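Peer 1: In the numbering used here, the protein residues as written are 166 to 454. Note that the Cβ used here is the ideal one computed from N, Cα and C, for glycine as well. This structure is a prediction, so every number in the text was calculated from the model and none was measured.
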Amino acid sequence: MSHESHTDDSERRTDSTTTRGDTDGAAEQPHAMPDVGRRAVLQALGIGASVAVGSGVVAADHDDPHPPRIDSHYGYATPDANAVPERLAPDHTVELHVGDPVPQEHGPLFHFEPTGLAVDPGDIVQFSVTTPDHTITAYHPAHGYQRRVPVDVPPFSSPVVSAGGAWLYRFEESGLYDLFCAPHHILGMAMRVVVGDLAEEDVPGYEDTFEGTEGPPPLLAPFSKQFLEHELERFSGGNEDCEWVWLTPQEVLDTDALDPGAIQADDGRVSFDEVLADIERIHGGHSHE
Ligand SMILES: [Cu+2]
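#1: His276 lies in the beta strand (DSSP E); which residues open and close that run?
#2: Take the Cβ of Glu445 as the centre, count every other Cβ of all protein chains shown within 10 Å, and call the residue buried at 16 or more, exposed below.
#3: Kindly indicate which three-state DSSP category Gly340 falls into: helix, strand or coil?
#4: Below 8 Å, how does it come out for the region 240-255 and the region 265-272: are there three or more Cβ pairs, yes or no?
#5: Could you pull the DSSP bridge partners for Ser322 from this structure?
#6: Quick one: what's got a C-beta closer than 7 Å to Pro425's C-beta in the same chain, skipping five residues either side?
#7: Following a CB-centred definition, is Leu261 positioned closer than 7 Å to any heavy atom of ligand 1?
#8: Specify the secondary structure class of Ala120 as computed by DSSP and reduced to three states.
#9: Once the 5 residues before and after Val318 are set aside, which same chain residues still bring their CB inside 6 Å of it?
#10: For Ser436, which residues does DSSP report across the bridge?
#11: Give me, in chain order, the residues of the same chain whose beta-carbon lies closer than 7 Å to that of Ala355; leave out the 5 immediate sequence neighbours on both sides.
#12: Check whether the region 327-335 touches the region 234-241, taking contact to mean three or more Cβ pairs, one atom from each stretch, closer than 8 Å.
#13: Quick one, are the C-beta atoms of Leu261 and Thr302 less than 8 Å apart?
#14: When we look at the beta-carbon of Val201 and count the other beta-carbons within 10 Å, is it buried (16 or more) or exposed?
#15: Comparing the CB of His299 with every heavy atom of ligand 1, is any distance shorter than 7 Å?
#16: Taking the Cβ atom as the reference point for each residue, do Gly281 and Ile428 lie within a distance shorter than 8 Å?
#17: Quick one: is the Cβ of His349 within less than 7 Å of any heavy atom of ligand 1?
#18: With Leu412 as the anchor, note down where its beta strand (DSSP E) starts and where it stops.
#19: When DSSP labels each residue in this structure, what does Asp236 get in the three-state scheme?
#20: Taking a contact to mean a Cβ-Cβ separation below 8 Å, would you say Glu270 touches Ser436 in this structure?
#21: So, helix, strand or coil for His448, using DSSP?
#22: In this structure, how does DSSP classify Asp443 when only helix, strand and coil are distinguished?
#23: Let's see if you can read the secondary structure: which residues bound the alpha helix (DSSP H) around Phe392?
#24: Where DSSP assigns a beta bridge to Ala331, which residues make up the other side?
#25: Under 8 Å by Cβ, that's how I've got His350 and Leu397 pegged, so tell me the actual separation to the nearest angstrom.
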């Protein structure tokens with residue numbers, strides 16, 4: 166978790182490697198191996214000393230035969246957001262948060278910050294997890310949902326990332342990407358990424374099949390009435406007249422704030438507050454009908 170513990174690990178690895186190098190040379194010259202020779206041995210073994218540097222990025226050994234890479238399906242996950250390899254230094258960052266609940270008004274609002282992001286093709290985005298256990302997952306039929314990423318993009322997802330961890334993904338294809346967090350999808354935890362210059366006529370018409378069970382997969386999987394009532398009761402016993410005290414992904418992704426043109430404007434970042442301002446049912450305290 167901490168920067169220092171990573172440094173300690175690196176030093177331990179280096180020490181044990183050095184020992185191996187010395188042992189290899191011990192047959193003829195037990196303690197006389199010069200530093201340059203030791204370094205050559207380390208390089209031959211393909212093990213270099215990683216050095217922690219500032220800004221949470223770790224310098225890499227350019228001779229590493231298995232350098233860290235971002236997989237098109239699995240991205241790159243790390244339990245320590247402060248130990249991202251230098252070669253994967255992100256162009257943008259997104260944090261995964263949860264806000265405090267407001268009793269009788271709304272539940273804890275799980276969200277991405279920013280909720281809308283514009284990037285260039287090939288950019289790396291670091292998703293940093295600040296509260297326990299989120300995923301960053303593409304809407305894709307392979308995950309049971311309608312496709313809301315460009316046609317050639319694989320059904321990518323992070324693993325479950327715990328607090329303090331991070332996941333990185335490189336957005337290669339231009340287009341519109343809608344993403345969600347699997348554990349908190351039912352609570353409306355979704356976001357939108359615009360990759361490249363997306364002209365208005367090129368905005369894909371993702372279908373609003375949010376509730377249907379026929380045709381394309383829904384945006385939100387159907388849940389049983391019993392489950393939904395259980396969740397409402399758990400939040401407060403005083404919600405008999407209230408339909409839902411959380412956001413829904415449909416509400417979030419349908420806001421004007423997340424219109425692709427709005428996301429591309431200004432600095433390319435739309436905050437969760439801007440999204441929330443477009444959802445009167447929640448921000449206006451109108452959760453009781
Ligand atoms: Cu989540």
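Peer 2: With the given structure in hand:
#1: Within the sequence shown, the letter at position 111 stands for residue 276. Counting along the chain, the beta strand (DSSP E) containing His276 begins and ends at Phe275 to Glu278.
#2: Your numbering for residue 445 matches position 280 in the sequence shown. So Glu445 ends up on the exposed side.
#3: For the purposes of this step, residue 340 is taken as residue 175 along the sequence shown, with counting starting at 1. Of the three classes helix, strand and coil, the one that applies to Gly340 here is strand, per DSSP.
#4: no
#5: Start at 1 with the first residue of the sequence shown, and residue 322 comes out as number 157. Answer by DSSP bridge pairing, in chain order: Thr302.
#6: One-based indexing of the sequence shown puts residue 425 at position 260. Same-chain partners within the cutoff: Leu341, Val359, Leu363 and Val368.
#7: Position 96 of the sequence shown, counted from the start, is the residue given in the question as residue 261. Indeed, a heavy atom of ligand 1 lies less than 7 Å from the Cβ.
#8: Nothing about residue 120 can be read from this structure; the chain reaches only from 166 to 454.
#9: The count along the sequence shown starts at 1 and reaches residue 318 at position 153. Counting only Cβ-Cβ distances below 6 Å, and skipping sequence neighbours, we find Glu338.
#10: Here residue 436 is taken as the residue at index 271 of the sequence shown, counted from 1. Answer is none; Ser436 lacks a bridge partner.
#11: Here the question's residue 355 lines up with position 190 in the sequence shown. So the qualifying residues of the chain are Asp343, Leu344, Phe345, Pro414, Val417 and Leu418.
#12: yes
#13: To locate residue 261, count along the sequence shown from 1; it is residue 96. To locate residue 302, count along the sequence shown from 1; it is residue 137. Taking 8 Å as the Cβ cut-off, Leu261 and Thr302 do not qualify as a contacting pair.
#14: Working through the sequence shown from its first residue, we reach residue 201 at position 36. Residue placement at Val201 is flagged as unreliable, the pLDDT there being 45, under the threshold of 50; the coordinate-derived value follows with that caveat. Val201 is exposed by the Cβ-count criterion.
#15: To locate residue 299, count along the sequence shown from 1; it is residue 134. Because some heavy atom of ligand 1 lies under 7 Å away, the Cβ of His299 counts as near it: yes.
#16: As a position in the sequence shown, residue 281 is number 116, starting the count at 1. As a position in the sequence shown, residue 428 is number 263, starting the count at 1. Yes, they are a contact pair.
#17: Taking the sequence shown and counting its residues from 1, one reaches residue 349 at position 184. Under cutoff, so the answer is yes.
#18: Here residue 412 corresponds to residue number 247 of the sequence shown, with the count starting at 1. Looking at the DSSP string, Leu412 is not in any beta strand (DSSP E), and its letter there is neither H nor E.
#19: As a position in the sequence shown, residue 236 is number 71, starting the count at 1. Correct three-state label for Asp236: strand.
#20: Walking along the sequence shown from the start, residue 270 turns up at place 105. Walking along the sequence shown from the start, residue 436 turns up at place 271. Against a cut-off of 8 Å, the Cβ pair of Ser436 and Glu270 comes out as no contact.
#21: As a working mapping, residue 448 is identified with position 283 in the sequence shown. Three-state result, His448: helix.
#22: As a position in the sequence shown, residue 443 is number 278, starting the count at 1. Correct three-state label for Asp443: coil.
#23: In the sequence shown, residue 392 corresponds to position 227, counting from 1. Lys390 to Phe400 is the span of the alpha helix (DSSP H), which, as asked, contains Phe392.
#24: Translated into the one-based positions of the sequence shown, residue 331 becomes position 166. Paired residue(s): Thr243 and Ser293.
#25: Indexing the sequence shown from 1 puts residue 350 at position 185. Indexing the sequence shown from 1 puts residue 397 at position 232. Not a contact, Cβ separation roughly 17 Å.
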